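Counting from 1, one number per residue, gives the positions in the sequence shown under the UniProt record's numbering.
Ideal placement from N, C-alpha and C gives every residue a C-beta, glycine not left out.
Treat the numbers as computed from the prediction; the structure is a model and nothing was measured.
Structure record follows, encoded as structure tokens.
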Amino acid sequence: MKPLPLAEVEDSARCQFLGILFNWGLYGILVAQTCTYIATFPRDMRINKVMVYVVFFLETTQTTLLSYDLYQTFVVHFGDAQVLERMGLKWFSVPLLAGVVGWIAQLFYAWRIYKLSRARKISVIVMLLAFLQLGSAIAESLRARTAATLPGLRVQQDVISVLSGTFWVLAMVSCDIIIAVVMTYYLLKLRREFYYDSSFFVRRLLLLTVETGSVTAFAAIMAGLFFVGKPGSEAFNIPGFTFGKLYAVSLLRVLHSRHRADASAEILTFPVSLESPLSSQQSSSSRVDPRPFGPARTYIASSLRDTRAKKAVVIVVLFLETIQTTLLSYDLYQTFVAHFGEAQIVERMGLKWFTVPLLGGVTGWITQLFYAWWIYIIARAKKTSGVVALLAFSQLITAIAQAIRAHIAATIPGLRVKQDPKSVLSGTSWVLAMVACNLVIAIAMSYYLMKLRRDFLL
Numbered sequence: 001m002k003p004l005p006l007a008e009v010e011d012s013a014r015c016q017f018l019g020i021l022f023n024w025g026l027y028g029i030l031v032a033q034t035c036t037y038i039a040t041f042p043r044d045m046r047i048n049k050v051m052v053y054v055v056f057f058l059e060t061t062q063t064t065l066l067s068y069d070l071y072q073t074f075v076v077h078f079g080d081a082q083v084l085e086r087m088g089l090k091w092f093s094v095p096l097l098a099g100v101v102g103w104i105a106q107l108f109y110a111w112r113i114y115k116l117s118r119a120r121k122i123s124v125i126v127m128l129l130a131f132l133q134l135g136s137a138i139a140e141s142l143r144a145r146t147a148a149t150l151p152g153l154r155v156q157q158d159v160i161s162v163l164s165g166t167f168w169v170l171a172m173v174s175c176d177i178i179i180a181v182v183m184t185y186y187l188l189k190l191r192r193e194f195y196y197d198s199s200f201f202v203r204r205l206l207l208l209t210v211e212t213g214s215v216t217a218f219a220a221i222m223a224g225l226f227f228v229g230k231p232g233s234e235a236f237n238i239p240g241f242t243f244g245k246l247y248a249v250s251l252l253r254v255l256h257s258r259h260r261a262d263a264s265a266e267i268l269t270f271p272v273s274l275e276s277p278l279s280s281q282q283s284s285s286s287r288v289d290p291r292p293f294g295p296a297r298t299y300i301a302s303s304l305r306d307t308r309a310k311k312a313v314v315i316v317v318l319f320l321e322t323i324q325t326t327l328l329s330y331d332l333y334q335t336f337v338a339h340f341g342e343a344q345i346v347e348r349m350g351l352k353w354f355t356v357p358l359l360g361g362v363t364g365w366i367t368q369l370f371y372a373w374w375i376y377i378i379a380r381a382k383k384t385s386g387v388v389a390l391l392a393f394s395q396l397i398t399a400i401a402q403a404i405r406a407h408i409a410a411t412i413p414g415l416r417v418k419q420d421p422k423s424v425l426s427g428t429s430w431v432l433a434m435v436a437c438n439l440v441i442a443i444a445m446s447y448y449l450m451k452l453r454r455d456f457l458l
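Here is the structure:
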């Protein structure tokens with residue numbers, strides 16, 4: 001097998017890496033949404049719960065398999081350009097699993113359209129397009145399995161191969177567009193028919209419908225354009241790896257929208273069809289009271305009136321962690337994509353001296369100071385709060401020392417072999433300070449919260 005051109009190697013590595021990177025990011029959003037759903041709707045209909053759990057299981061399976069492929073390509077066979085061409089498990093994880101998740105989401109929307117409008121014909125059309133999307137996804141999966149390599153998938157241009165890929169993209173795009181247009185039409189009609197107090201919620205549903213439908217349709221269109229417009233590239237993998245996650249995130253977001261509706265139930269009156277399609281038959285007594293589950297919502301959505309200091313803490317922590325993730329992703333890209341196969345690059349420190357000990361230490365310091373303040377608020381224990389604050393500052397100082405040491409070392413092996421007393425002391429002190437502070441926080445919070453519980457029960 002002849003070696004691949006350097007440009008083709010970089011293109012293949014870049015597209016696979018970016019596709020899996022976006023998949024990881026969307027999976028993190030999906031995990032947060034699933035946890036929020038479980039906390040916010042503990043008494044939801046069983047079929048709703050089963051749907052959410054099945055989608056989460058399928059998407060977890062997809063991310064696991066894609067991560068395994070990534071590990072095999074960029075770690076086990078690092079530098080082997082031929083491995084970049086292998087299909088691996090992508091024939092199963094991308095078209096098949098994404099097709100099944102998309103099918104579930106589209107059937108959910110078909111049912112939602114029927115409950116909202118009682119329009120059977122339109123709901124049937126959406127269902128037929130959903131089944132067409134699923135069938136073409138299975139056909140595309142079989143084609144990818146037969147091709148065995150990613151270049152082989154691109155060069156298979158027989159009629160059946162072209163039709164399977166084209167039908168899959170067209171079925172996704174047409175189904176998502178019909179869902180968005182139909183839902184928008186009936187929501188606008190509903191807004192005109194019901195009194196003005198319902199307009200706020202209907203506007204939110206309109207925005208939600210357009211967002212969810214347009215995002216999934218846009219990803220499918222981009223994958224089709226990349227596949228047709230760049231025949232020598234694997235750029236279609238970048239949006240292709242995110243199909244299932246986009247459908248899953250959209251589905252969970254629609255289910256979460258009911259929480260806002262229930263929160264406004266005292267001033268709004270909605271028809272049954274605006275409830276969740278699969279739980280619209282619930283009696284009013286079985287509805288979830290949103291007030292006990294407010295903390296399960298995201299901070300920004302549930303704490304708009306919080307103090308300025310708390311908002312600043314949350315924004316600063318989010319900013320620092322966004323910088324850390326961005327810089328670590330850049331280091332990974334430089335190591336495994338831009339310099340694919342160069343063993344010396346793996347040893348470089350890059351920006352890790354800044355992203356890991358320094359940013360991690362600053363974020364930990366802010367969090368630990370917050371816990372020190374929280375312990376003082378609930379228990380008025382100045383000594384315990386002072387101990388936590390001192391340990392937090394010692395953790396920050398040793399994190400800065402560790403960052404300086406890593407920057408001087410310049411390479412990761414150099415950091416390991418530098419075993420002078422100061423180097424050993426800085427690394428050991430950082431770990432000990434973190435562990436000690438976190439243990440004190442856990443023990444103190446558990447003790448004072450249990451004491452608070454006993455006081456209230458008495």
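Provide the residue(s) that pair with residue i in DSSP beta bridges, ordered along the chain.
i, result
"T411", "R348"
"R86", "T149"
Rounded to a whole number of angstroms, what is the C-alpha to C-alpha distance between residue i and residue j?
i, j, result
"I315", "R112", "36 Å"
"Y185", "A433", "59 Å"
"P290", "T36", "Because the pLDDT at P290 is just 38, under 50, the model does not fix this residue reliably, and the value given afterwards should be weighed accordingly. Cα to Cα, the separation comes out at about 12 Å."
"L255", "F108", "10 Å"
"V124", "S67", "37 Å"
"G88", "P239", "18 Å"
"F41", "A248", "17 Å"
"T242", "T60", "13 Å"
"D176", "N438", "47 Å"
"V173", "R118", "23 Å"
"I404", "V435", "21 Å"
"T384", "A13", "51 Å"
"A130", "L252", "18 Å"
"H339", "I345", "7 Å"
"A54", "F226", "One detail in the question is off: residue 54 reads as Val in this sequence, not Ala. Going by the C-alpha atoms only, they are around 30 Å apart."
"R348", "F78", "16 Å"
"S233", "K310", "47 Å"
"S93", "G244", "9 Å"
"A379", "Y448", "6 Å"
"V431", "V388", "15 Å"
"V126", "I178", "7 Å"
"I122", "R86", "42 Å"
"F167", "S136", "6 Å"
"F236", "F319", "31 Å"
"E10", "V337", "6 Å"
"R120", "Q62", "33 Å"
"A171", "L132", "6 Å"
"A139", "R145", "10 Å"
"D44", "T34", "13 Å"
"P277", "A39", "Any reading at P277 must be qualified, since the residue scores a pLDDT of 35, below 50, and its modelled position is unreliable; no value is offered."
"A223", "V169", "8 Å"
"S250", "L128", "20 Å"
"I20", "A32", "19 Å"
"V50", "A105", "13 Å"
"W373", "A444", "12 Å"
"D80", "G25", "27 Å"
"R46", "V52", "10 Å"
"G427", "T216", "46 Å"
"Q402", "T363", "15 Å"
"S149", "R308", "It should be noted that the sequence gives Thr, not Ser, for residue 149. Cα-Cα distance, rounded: 54 Å."
"Q82", "C15", "15 Å"
"G386", "I221", "57 Å"
Mind reading off the beta-carbon distance from residue i to residue j? Whole number of angstroms is fine, and I expect it under 8 Å.
i, j, result
"L134", "V100", "7 Å"
"I441", "Q368", "7 Å"
"F56", "L30", "7 Å"
"V313", "F370", "6 Å"
"G361", "I412", "The pair is not a contact, with the Cβ atoms about 18 Å apart (cut-off 8 Å)."
"Y365", "L396", "Checking the sequence shown, residue 365 turns out to be Trp, not Tyr. Confirmed, Cβ separation roughly 4 Å."
"L219", "L246", "This sequence places Ala at residue 219; Leu is not what is there. Indeed, because the Cβ distance is near 6 Å, the residues count as touching under 8 Å."
Are there any heavy atoms of the ligand ATP lying less than 6 Å away from the beta-carbon of residue i, as far as the coordinates show?
i, result
"T34", "The ligand content of the structure shown is nil, which means the ligand ATP is not present either."
Along the chain, which unbroken stretches of the alpha helix (DSSP H) at least 4 residues long are found entirely within the stretch 6–34?
-> Listed in chain order, nothing qualifies, since the stretch 6–34 has no complete alpha helix (DSSP H) run of 4 or more residues.
Enumerate, from N- to C-terminal direction, the unbroken alpha helix (DSSP H) stretches of 4 or more residues contained entirely within the stretch 320–347.
-> Counting only runs of 4 or more, we get 343–347.
Is the number of C-beta pairs between the stretch 352–362 and the stretch 317–331 that are closer than 8 Å three or more?
-> Enough Cβ pairs lie closer than 8 Å, so yes.
Is the stretch 396–411 touching the stretch 340–355 in the sense that three or more CB pairs, one from each, lie closer than 8 Å?
-> Yes, they touch.
May I have a chain-ordered list of the alpha helix (DSSP H) segments no shorter than 4 residues that lie completely inside the stretch 45–100?
-> As far as the stretch 45–100 is concerned, its whole alpha helix (DSSP H) runs of at least 4 residues are 46–71.
Contained alpha helix (DSSP H) runs [length at least 4] in the stretch 112–148, N- to C-terminal order = The DSSP assignment places complete alpha helix (DSSP H) segments of no fewer than 4 residues inside the stretch 112–148 at 120–147, in order along the chain.
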